[in-house]
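Undergrad: Let me begin by handing over the structure; questions about it come next.
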Amino acid sequence: MATTTATLTLSSDMLSSPISISASSTLMKAGITEGLELIEMGRGTISEADASKTAEFGLGTALGVDKAAKLFLVNKATDPTYYIDVDIHDTNIGRLYAGDWMFIPWGINDVASEIVIEAEPAGATCPYEFALFQEPQTLVDHS
Amino acid sequence: MATLTPTLTLTSTDATADQLSFSVTDSLSVTAPHIGLAKIAATTTGANNIIQPATDGQTYYVYVHHTGVDASGSTVTTTLNIELTGDVIIGKLAAGEFMFMPVGGHSLGVQLQASSGTVVAEYAYFTKA
Chain X
1 MATTTATLTL
11 SSDMLSSPIS
21 ISASSTLMKA
31 GITEGLELIE
41 MGRGTISEAD
51 ASKTAEFGLG
61 TALGVDKAAK
71 LFLVNKATDP
81 TYYIDVDIHD
91 TNIGRLYAGD
101 WMFIPWGIND
111 VASEIVIEAE
121 PAGATCPYEF
131 ALFQEPQTLV
141 DHS
Chain F
1 MATLTPTLTL
11 TSTDATADQL
21 SFSVTDSLSV
31 TAPHIGLAKI
41 AATTTGANNI
51 IQPATDGQTY
61 YVYVHHTGVD
71 ASGSTVTTTL
81 NIELTGDVII
91 GKLAAGEFMF
101 MPVGGHSLGV
111 QLQASSGTVV
121 AEYAYFTKA
């Protein structure tokens, strides 16, 4: 069993007293105390101006329904005006500006839950890196 | 204008033959309004547990942590849905798990929904400057 630990700290000088938040958890399969053991990592570049405008990864399938998954995604662009729109299927959930990252649970609730990323605005080119932690899916027989 | 510094570390000694050790940080310019740190006993109706207002072109940096207890303080193993308002599911947190993400580029808020009973969550959000 794999044990992968994620730790997050948030600190800010927004208030007169410093803000400090910390959380840590082990990435587990859904409903059981076994760790996520399938790790998919990758990097790429998407450009607003060409056919590589969008990228999809971690495709949701019926086999993945109700399984646990965690997604880390970072926009490695250096131009602060370049951002990556992040969608689940056709619903925009947020945007990552240059250097920003996210760590979220990904709900593979149906086959229309793929992660889609898109470089914006016009002329933007965004290198990105991702890591997807998920459960192995039991494949059906080939027909 | 203030700065929010998030740092994420992912480590494992046995997920792969080679050890996994990864850390990333960022320096985010943030401004009011912000909420942090707050607590909510989320119920099974997401619309009753909106933790971040609808965006109006701005981006919010949102943190949510499933505390592993319900409203009475009893330990729970039920999951907590992270949703955009309108019941758009992003994902679900198990007990003890957390998430951090920028929400924006649309006109939706963020709501929490327990899979059953109640789940106490801690949350914070900061507005991108």
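Top line first, the protein sequences correspond to chains X and F.
With our numbering, letter number 118 in the first sequence gets 118, and the count goes up by one each step, no holes.
With our numbering, letter number 2 in the second sequence gets 2, and the count goes up by one each step, no holes.
All C-beta atoms, glycine included, are put in the ideal place defined by N, C-alpha and C.
Locate the beta strand (DSSP E) running through residue 32 of chain F, then write down its first and last residues.
TA: First-last of the beta strand (DSSP E) with residue 32 of chain F: 28-42.
Undergrad: My guess is that residue 81 of chain F and residue 112 of chain F are in contact by the Cβ rule of under 8 Å, so how many angstroms apart are they, rounded?
TA: Indeed they touch by this definition, with Cβ atoms about 7 Å apart.
Undergrad: With 16 as the cutoff for other CB atoms within 10 Å, does residue 85 of chain X come out buried or exposed?
TA: Buried, because 16 or more other Cβ atoms sit within 10 Å of the Cβ of residue 85 of chain X.
Undergrad: Can you tell which of F:110, F:46 and F:68 has its C-alpha closest to the C-alpha of residue 126 of chain F?
TA: Of the candidates F:110, F:46 and F:68, the one whose C-alpha sits nearest the C-alpha of residue 126 of chain F is F:110.
Undergrad: Whole angstroms is fine: what's the gap from residue 23 of chain X's alpha carbon to residue 142 of chain X's?
TA: In a straight line, the C-alpha of residue 23 of chain X is about 43 Å away from that of residue 142 of chain X.
Undergrad: What residue does the beta strand (DSSP E) around residue 53 of chain F start on, and which one ends it?
TA: Careful: residue 53 of chain F lies outside any beta strand (DSSP E) and carries neither H nor E.
Undergrad: Pull up the DSSP beta-bridge partners for residue 40 of chain X, would you.
TA: BP columns for residue 40 of chain X point to X:132.
Undergrad: Residues bridged to residue 102 of chain X by DSSP?
TA: X:73, per the DSSP bridge assignment.
Undergrad: Out of F:28, F:25 and F:118, state which residue places its alpha-carbon closest to the alpha-carbon of residue 74 of chain F.
TA: Of the candidates F:28, F:25 and F:118, the one whose C-alpha sits nearest the C-alpha of residue 74 of chain F is F:118.
Undergrad: If you measure between the beta carbons of residue 121 of chain X and residue 37 of chain X, is that distance less than 9 Å?
TA: No. Outside cutoff.
Undergrad: Using a beta-carbon distance cut-off of less than 7 Å, what residues from the region 53-83 of chain F approach chain X?
TA: So the list reads 59, 63, 65 and 82, given in the order they occur along the chain.
Undergrad: With DSSP collapsed to three states, give me the class of residue 47 of chain F.
TA: Here residue 47 of chain F sits in helix by DSSP.
Undergrad: Between residue 94 of chain X and residue 102 of chain F, how many whole angstroms is the CB-CB distance? I'm expecting something under 8 Å.
TA: The pair is a contact, with the Cβ atoms about 5 Å apart (cut-off 8 Å).
Undergrad: Could one say the Cβ of residue 34 of chain X lies closer than 9 Å to chain F's Cβ atoms, at least one of them?
TA: No, because no Cβ of chain F sits closer than 9 Å to the Cβ of residue 34 of chain X.
Undergrad: Show which residues of chain X have a CB atom less than 7 Å away from the CB atom of residue 92 of chain F.
TA: The answer, in chain order, is 105 and 107.
Undergrad: Just the C-alpha distance for residue 121 of chain F and residue 71 of chain F, rounded to the nearest angstrom, thanks.
TA: Each residue's Cα considered, the two are about 10 Å apart.
Undergrad: Where residue 4 of chain F and residue 59 of chain F are concerned, what is the direct C-alpha to C-alpha distance, given to the nearest angstrom?
TA: When rounded, the distance between both Cα atoms is 13 Å.
Undergrad: Please report the Cβ distance between residue 28 of chain X and residue 94 of chain F, rounded to the nearest whole angstrom; I am assuming they are in contact, meaning their Cβ atoms lie under 8 Å.
TA: At roughly 6 Å, the Cβ-Cβ gap stays under 8 Å, so residue 28 of chain X and residue 94 of chain F are in contact.
Undergrad: Given 8 Å as the limit, is there contact between the region 114-130 of chain X and the region 72-86 of chain X, that is, 3 or more CB pairs closer than that?
TA: Verdict: yes, contact present.
Undergrad: Hey, is residue 44 of chain F's beta-carbon within less than 9 Å of any beta-carbon in chain X?
TA: Residue 44 of chain F does not count as touching chain X.
Undergrad: Helix, strand or coil: how does DSSP classify residue 87 of chain X here?
TA: It is a strand residue.
Undergrad: When DSSP labels each residue in this structure, what does residue 27 of chain X get in the three-state scheme?
TA: Residue state, collapsed to three classes: coil.
Undergrad: For chain X, is any of its Cβ atoms less than 9 Å away from the one on residue 89 of chain F?
TA: Answer yes: the Cβ-Cβ gap between residue 89 of chain F and chain X drops below 9 Å somewhere.
Undergrad: Please compile the residues from chain F whose C-beta is within a distance smaller than 9 Å of the C-beta of residue 81 of chain X.
TA: Result: empty, since nearest Cβ-Cβ is about 13 Å, beyond 9 Å.
Undergrad: Beta strand (DSSP E) containing residue 91 of chain F: first to last residue?
TA: Residues 88-93.
Undergrad: Anyone know if the C-beta pair for residue 48 of chain X and residue 123 of chain X falls short of 9 Å?
TA: Yes, they are a contact pair.
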